[in-house]
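Those sequence lines, one after another, are chains A and B. For the first sequence, my numbering gives the first residue as 1353, with consecutive numbering after it. For the second sequence, my numbering gives the first residue as 2, with consecutive numbering after it. Positions of the beta carbon are idealized from the N, C-alpha and C atoms, including for glycine.
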Amino acid sequence: DIQMTQSPSTLSASIGDRVTITCRASQSISSWLAWYQQKPGKAPNLLIYDASYLESGVPSRFSGSGSGTEFTLTISSLQPDDFATYYCQQYHTLYTFGQGTKLEIK
Amino acid sequence: EVQLVQSGAEVKKPGESLKISCKASGYSFTSYWIYWVRQKPGKGLEWMGIVYPGDSDSRYSPSFQGQVTISADRSNSTAYLQWNNLKASDTAMYFCARQRTTGVFDYWGQGTLVSVSS
C-alpha cells in the first residue's frame, strides 16, 4: 500500500499569510496527486489535480507542485474562507488520502 | 449541472442492515466510476470502494472487502452502499464522489450520516 504523510497536522496562520502544506508518498507516485479542501460538515472540494493543475473555479492563490514522493500545496495570501482542513490524495495505485492538515486562524 | 444527491441520515442498531444511495444527474451516469468514502467523527477520509455503472464492475479497498457491498442501478442513475450486519464502528459520514478520468474525484455528494448504537 502507498502511504501518504502530510505535515504539519495543524497550522496556525493569519489573513494574508503565505502557507505551505507538504505531502510525502511512501513510494513514487509520479504526478498522480490531488489536493482537497474540506470544511466542517461538508464534502471535500477538489483544488488541485495531477499535482499542479488548478481545478476550474478554484482561486489562483492556490497552487500545487512536486512529483515523485514530495508535494506541496501553497496558498499565496490566506483569505478568511481558506480556514479548513486540507487533504492530499494519491491515485497512482488505488487511492490513499493523507491524514489531513487543519488550517486555523492565529 | 452535475449533482450527486445522497439519501438522508440513518439511525440503526447493531446487526441491522442498511442501504444508502447516491443519485446522479447532469452527466452520463454509465461513463464515470462512482467512489464511496468513509469519514469517522473527527477523522480523515478513507476510500471504501468504487463501482462502474456502465457494467456494474465494483472494486473494494482491502479494508472494506467483505464488509460492504457497492452497486449501481443504471435505470435510475443511482449508486448504493450496503451493509448486512452493522456495527457500532460503522458510525460515520459516508460520501459518494464521481471519479474523473485519472482517479480525481471532481463532484461529491453531500454525505450521509450513519449512526449505529444499541
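8 angstroms Cβ cutoff met for residue i and residue j
{"i": "residue 25 of chain B", "j": "residue 113 of chain B", "result": "no"}
{"i": "residue 59 of chain B", "j": "residue 47 of chain B", "result": "no"}
{"i": "residue 1458 of chain A", "j": "residue 1364 of chain A", "result": "yes"}
{"i": "residue 1356 of chain A", "j": "residue 1386 of chain A", "result": "no"}
{"i": "residue 83 of chain B", "j": "residue 5 of chain B", "result": "no"}
{"i": "residue 98 of chain B", "j": "residue 36 of chain B", "result": "yes"}
{"i": "residue 1439 of chain A", "j": "residue 45 of chain B", "result": "yes"}
{"i": "residue 96 of chain B", "j": "residue 52 of chain B", "result": "no"}
{"i": "residue 1454 of chain A", "j": "residue 1362 of chain A", "result": "yes"}
{"i": "residue 30 of chain B", "j": "residue 1398 of chain A", "result": "no"}
{"i": "residue 1437 of chain A", "j": "residue 1390 of chain A", "result": "yes"}
{"i": "residue 1462 of chain A", "j": "residue 103 of chain B", "result": "Residue 1462 of chain A lies beyond the residue range present for chain A, which begins at 1353 and ends at 1458; the question has no answer from this structure."}
Min CB distance residue i to chain A below 8 angstroms
{"i": "residue 84 of chain B", "result": "no"}
{"i": "residue 37 of chain B", "result": "no"}
{"i": "residue 103 of chain B", "result": "yes"}
{"i": "residue 74 of chain B", "result": "no"}
{"i": "residue 16 of chain B", "result": "no"}
{"i": "residue 109 of chain B", "result": "yes"}
{"i": "residue 87 of chain B", "result": "no"}
{"i": "residue 34 of chain B", "result": "no"}
{"i": "residue 65 of chain B", "result": "no"}
{"i": "residue 96 of chain B", "result": "yes"}
{"i": "residue 112 of chain B", "result": "yes"}
Interface flag, residue i vs chain B, CB-CB below 8 angstroms
{"i": "residue 1451 of chain A", "result": "yes"}
{"i": "residue 1438 of chain A", "result": "no"}
{"i": "residue 1365 of chain A", "result": "no"}
{"i": "residue 1384 of chain A", "result": "yes"}
{"i": "residue 1432 of chain A", "result": "no"}
{"i": "residue 1403 of chain A", "result": "no"}
{"i": "residue 1377 of chain A", "result": "no"}
{"i": "residue 1396 of chain A", "result": "yes"}
DSSP-derived helix/strand/coil call for residue i
{"i": "residue 89 of chain B", "result": "helix"}
{"i": "residue 39 of chain B", "result": "strand"}
{"i": "residue 56 of chain B", "result": "coil"}
{"i": "residue 1453 of chain A", "result": "strand"}
{"i": "residue 99 of chain B", "result": "strand"}
{"i": "residue 1353 of chain A", "result": "coil"}
{"i": "residue 65 of chain B", "result": "coil"}
{"i": "residue 1421 of chain A", "result": "coil"}
{"i": "residue 106 of chain B", "result": "strand"}
{"i": "residue 1435 of chain A", "result": "coil"}
{"i": "residue 1366 of chain A", "result": "coil"}
{"i": "residue 8 of chain B", "result": "coil"}
{"i": "residue 1382 of chain A", "result": "coil"}
{"i": "residue 1408 of chain A", "result": "coil"}
{"i": "residue 119 of chain B", "result": "coil"}
{"i": "residue 1415 of chain A", "result": "strand"}
{"i": "residue 32 of chain B", "result": "helix"}
First and last residue of the uninterrupted beta strand (DSSP E) at residue i
{"i": "residue 1377 of chain A", "result": "1371–1377"}
{"i": "residue 1385 of chain A", "result": "1385–1390"}
{"i": "residue 155 of chain B", "result": "Outside the displayed range of chain B (2 to 119) lies residue 155 of chain B, so it cannot be described from this structure."}
{"i": "residue 1443 of chain A", "result": "Element bounds for residue 1443 of chain A: n/a, residue is neither H nor E."}
{"i": "residue 190 of chain B", "result": "Coverage of chain B is limited to positions 2 through 119, which leaves residue 190 of chain B absent and any answer about it impossible."}
{"i": "residue 74 of chain B", "result": "70–74"}
{"i": "residue 1430 of chain A", "result": "Per DSSP, residue 1430 of chain A belongs to no beta strand (DSSP E) and is neither H nor E."}
{"i": "residue 83 of chain B", "result": "79–84"}
| With a cut-off of 8 angstroms, do at least 3 Cβ pairs link the region 1407–1418 of chain A to the region 64–80 of chain B? | No: the two stretches stay apart, fewer than three of their Cβ pairs being nearer than 8 angstroms.
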